[in-house]
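Trainee: Sequential numbering of the sequence shown, starting at 0, is according to numbering that gives the first Met the number 0. Don't be surprised by glycine CBs; every beta carbon is placed ideally from N, CA and C. Predicted, not measured: the structure shown is a model, and the values here were computed from it. The structure follows.
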Amino acid sequence: MRVERSRRGLRIDSESERQTDRLGRAIAGAVGPGVVIALVGPLGAGKTRLSRAIAEGLGVDPLAIASPTFVLIHEYEGRLPVYHFDAYRLDDPDAFDALGAAEYLEGEGVCLVEWADRVLDRLPEGAWTVTLEPTGPDSRGILVAGPDEALRRISVLLRGG
């Protein structure tokens, strides 16, 4: 796994699903109450896999973690509450509001929003963004944008610290 800091954030070249899972656990080690993470990327980019790894890193039972595609939101208990949204099937941002998203986004849990590009204007200022781009069957180019201190923490955790 290659990790590089840029002006835009932390650039990670993940060569396998295992490395992507490792990134998810590192992100979990850097989040705190009230963090919103917008996950963006094409179908099959690994948004759900990364969400699962983040939730697992927060102490959620991995067997309980499901794709929210048909339910739109799942709630999990871990070291922090985890709220996992999927905006793929939403017709417009108003439908996101109708889910009661604001209550979750303003709460003390960690919100993971897949297909966040569909609802970006509804996410709070300061939301982290994780953009995933497939570069091969299991490899991904991933850009994590968030607060500098969080990016430093993720980088340290990925390097084994």
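So, using beta-carbon positions, are Val39 and Leu122 closer together than 7 Å?
Mentor: No, these two residues do not count as a Cβ contact at 7 Å.
Trainee: Going by Cα to Cα distance, which pick from Val30, Leu71, Arg21 and Ala25 is closest to Gly125?
Mentor: The option with the nearest alpha carbon to Gly125 is Val30.
Trainee: Which runs of the alpha helix (DSSP H), 4 residues or longer, sit entirely within the stretch 48-133?
Mentor: Those alpha helix (DSSP H) runs which fall completely within the stretch 48-133 and span 4+ residues are 92-97 and 100-104.
Trainee: Rounded to the nearest angstrom, how far is the Cβ of Trp127 from that of Gly108, given a contact under 8 Å?
Mentor: Actually they are not in contact, since the Cβ atoms of Trp127 and Gly108 sit about 14 Å apart, beyond 8 Å.
Trainee: So who's on the other strand from Ser138, going by DSSP bridges?
Mentor: Paired residues: none, contrary to the question.
Trainee: Does the stretch 97-115 come close enough to the stretch 8-25 that 3 or more CB-CB pairs lie under 8 Å?
Mentor: No, the stretch 8-25 is not in contact with the stretch 97-115.
Trainee: Any idea if Leu62 is buried or exposed, counting beta-carbon neighbours within 10 angstroms, 16 or more meaning buried?
Mentor: Its Cβ having fewer than 16 others within 10 Å, Leu62 is exposed.
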